[in-house]
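J.: Would you mind keeping the following structure in view while I ask a few things?
Numbering (our numbering), first residue to last: 12 to 84.
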């Protein structure tokens, strides 16, 4: 009974979420609370995912410019 509220989170759905794919209850008949839980879980997993190595970090350009300016004199 304690796990009934997480019935949408089966093994296949968990794998999709962990791989960074959108997953969770969908369609007009999906439980709105389950959709909200899936969205919160997706947001938490996204926040824990490190940025791609080929993308610039937020503030990286400004930090490099400040470093170069400080060491140019």
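The beta carbon of each residue, even a glycine, is placed where N, CA and C say it ideally should be.
1) When DSSP labels each residue in this structure, what does residue 84 get in the three-state scheme?
2) Where does residue 33 fall in DSSP's three states?
3) Which value, in whole angstroms, describes the spacing of the CA atoms of residue 42 and residue 49?
4) Measure the alpha-carbon distance for residue 12 versus residue 39 and round it to whole angstroms.
5) Do residue 35 and residue 44 have their CB atoms nearer than 8 Å?
T.: Short version:
1) coil
2) coil
3) One C-alpha to the other measures close to 11 Å.
4) The predicted position of residue 12 is uncertain, since its pLDDT is 42 and thus under 50; a value taken from the coordinates is nonetheless stated next. Each residue's Cα considered, the two are about 25 Å apart.
5) no
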